[in-house]
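Residue numbers (my numbering): 14 to 399.
Report on the following structure.
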């Protein structure tokens with residue numbers, strides 16, 4: 014019969030770095046002994062106590078948040094090892110909620126967040142409160158600056174959370190939920206010009222998790238959202254991953270519709286871009302190039318009228334961009350006239366999916382400066398009003 018350690022004794026004794034480490038080790042032993050529920054509840058209580066406790070009487074304004082977060086990481090990793098994935102997610106959410114609180118505390122200071130080198134996954138997994146954070150706190154300086162702690166937590170924290178997510182089964186709902194939270198976290202940081210390419214990395218991890226669960230529509234949607242902010246070499250990486258999702262999705266009973274899957278992806282990216290059609294052109298090109306290297310899509314590019322149309326539209330947009338064409342500029346131009354002619358000639362192919370007509374209309378309006386097509390009622394009212 015394993016010895017049970019009371020929650021009160023663990024929480025009450027967590028004063029000081031050595032006691033925090035000791036409490037963490039005891040929590041890990043409880044998990045290994047099968048007392049996972051009690052360990053989870055004790056960890057939550059210990060986190061709340063440490064997060065609000067001062068590091069010393071001489072520095073009452075400085076809290077033991079770093080120790081609390083390290084404790085949560087180690088306990089969550091141990092829970093993952095024994096298959097308690099929902100408990101891992103609970104602690105991860107606690108960790109990320111603490112991030113939001115910490116960021117709010119740092120924002121009013123007006124300080125410039127210093128550039129601290131990001132920890133690797135290995136460092137994040139073994140980061141100890143007895144190391145650099147403790148020294149910074151004791152010596153003052155950067156350790157007393159909420160902005161410094163916020164940045165230190167953000168950079169190392171997301172790395173540690175991603176490492177934790179990778180301990181969960183690839184197709185588990187807990188992994189999806191954790192990655193969704195991480196992606197939102199990184200997106201918020203990117204808006205503050207601190208996120209960089211992290212959103213792409215986390216977004217791809219989330220797309221892989223959807224794919225592992227066979228949720229192809231969500232995986233494709235995730236790629237589409239990432240494409241709206243992806244340029245340069247990253248576009249090639251994202252496009253190759255997107256094509257793999259489309260291959261797997263179309264293979265599930267839609268073998269004769271492969272070309273339609275690819276056409277939707279390209280036209281949807283061009284027709285729903287949040288930053289203008291010509292801005293979405295590089296990713297559309299990358300997607301078509303990735304499809305050429307695909308054994309599933311390469312034959313379709315040669316034989317499908319729909320993909321012939323898509324390829325010609327991409328080429329026309331490239332020509333318009335090359336001549337400095339501005340979206341919403343002079344109506345149509347020669348490229349606009351060709352676009353209208355192509356759309357008319359390829360109507361039978363476009364009718365395979367009613368949604369394509371709306372996308373084509375948006376591309377014509379945003380990419381070639383064409384007036385939006387009027388529906389029969391609009392045409393009737395226009396004629397009545399002269």
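Just so you know, even glycine gets a beta-carbon here, dropped at the ideal spot from N, CA and C.
Query                                                                                                                                                                                       : Result
Going by C-alpha to C-alpha distance, which of 83, 61, 173 and 78 sits closest to residue 35?                                                                                               : 83
Return the first residue and the last residue of the alpha helix (DSSP H) that residue 332 is part of.                                                                                      : 318 to 335
Between 280, 366 and 357, which lies nearest to residue 324 when the distance is taken from Cα to Cα?                                                                                       : 280
What's the gap between the Cα of residue 260 and the Cα of residue 250?                                                                                                                     : 16 Å
I think residue 92 touches residue 44, with their Cβ atoms under 8 Å apart; what is that distance to the nearest whole Å?                                                                   : 6 Å
Enumerated in chain order, which unbroken segments of the alpha helix (DSSP H) with a length of 4 residues or greater are wholly contained in the segment 257 to 306?                       : 271 to 284 and 290 to 305
Could you give the first and the last residue of the continuous alpha helix (DSSP H) run that contains residue 81?                                                                          : 78 to 94
Please work out which residues of its chain come closer than 6 Å, Cβ to Cβ, to residue 52, disregarding the five sequence neighbours upstream and downstream, and give them in chain order. : 40, 43 and 44
Is residue 180 close to the ligand GTP? I mean its beta-carbon at under 7 Å from any heavy atom of the ligand.                                                                              : Among the components of this structure there are no ligands whatsoever, and the ligand GTP is therefore not found.
In or out: residue 468 buried (at least 16 other Cβ within 10 Å) or exposed?                                                                                                                : Past the boundaries of the shown model lies residue 468; the chain is included only from 14 to 399, so the question cannot be answered.
State the CB to CB distance for the pair residue 376 and residue 327, rounded to an integer number of angstroms; the pair is presumed to be in contact (CB under 8 Å).                      : Not really, about 10 Å apart at Cβ, beyond 8 Å.
Over what stretch of residues does the alpha helix (DSSP H) that includes residue 218 continue unbroken?                                                                                    : 211 to 225
At what residues does the alpha helix (DSSP H) containing residue 380 begin and finish?                                                                                                     : 367 to 381
Could you check whether residue 65 and residue 112 sit closer than 8 Å to each other, using their CB atoms as the reference points?                                                         : no
Beta-carbon separation of residue 189 and residue 219 under 8 Å?                                                                                                                            : yes
Mark residue 397 as exposed unless 16 or more other C-beta atoms lie within 10 angstroms of its C-beta, in which case mark it buried.                                                       : Interpretation of residue 397 is limited by its pLDDT of 47, a score under 50 that renders its predicted location unreliable; no figure is taken from the coordinates.
Express the C-alpha separation of residue 217 and residue 239 in angstroms, rounding to a whole number.                                                                                     : 8 Å
Which of the three DSSP states is assigned to residue 310 in this structure?                                                                                                                : coil
So, at 7 Å on beta carbons, what are the nonlocal neighbours of residue 236 in its own chain, with the 5 sequence-adjacent residues on each side left out?                                  : 220, 251, 254, 255 and 258
Return the first residue and the last residue of the alpha helix (DSSP H) that residue 184 is part of.                                                                                      : Unbroken run through residue 184: none, as it is neither H nor E.
Rounded C-beta distance between residue 192 and residue 105? I'm assuming under 8 Å.                                                                                                        : About 10 Å; that fails the 8 Å criterion.
CA-CA distance, residue 350 and residue 273?                                                                                                                                                : 25 Å
With DSSP collapsed to three states, give me the class of residue 384.                                                                                                                      : coil
Can you find the residues in the same chain that come closer than 8 Å, C-beta to C-beta, to residue 297, ignoring five residues on each side of it along the sequence?                      : 279, 282, 283, 327 and 330
Taking the alpha helix (DSSP H) that residue 46 falls in, what are its first and last residues?                                                                                             : Segment: none, residue 46 is in no alpha helix (DSSP H) and carries neither H nor E.
What separation, rounded to the nearest whole angstrom, lies between the Cα atoms of residue 183 and residue 102?                                                                           : 14 Å
Am I right that residue 379 and residue 290 are in contact with their C-beta atoms under 8 Å? What's the rounded C-beta distance?                                                           : 4 Å
If you count every other CB in all the chains shown that lies within 10 Å of the CB of residue 210, and 16 or more means buried, which is it?                                               : exposed
Determine the extent of the alpha helix (DSSP H) in which residue 242 is found, giving its start and end residues.                                                                          : Neither: residue 242 is in no alpha helix (DSSP H) and is coded neither H nor E.
Nearest to residue 401 by alpha carbon, out of 265, 194, 86 and 77?                                                                                                                         : Missing from the structure shown is residue 401; the chain here goes from 14 to 399 and no further.
Is the distance from the Cβ of residue 61 to the Cβ of residue 88 below 8 Å?                                                                                                                : no
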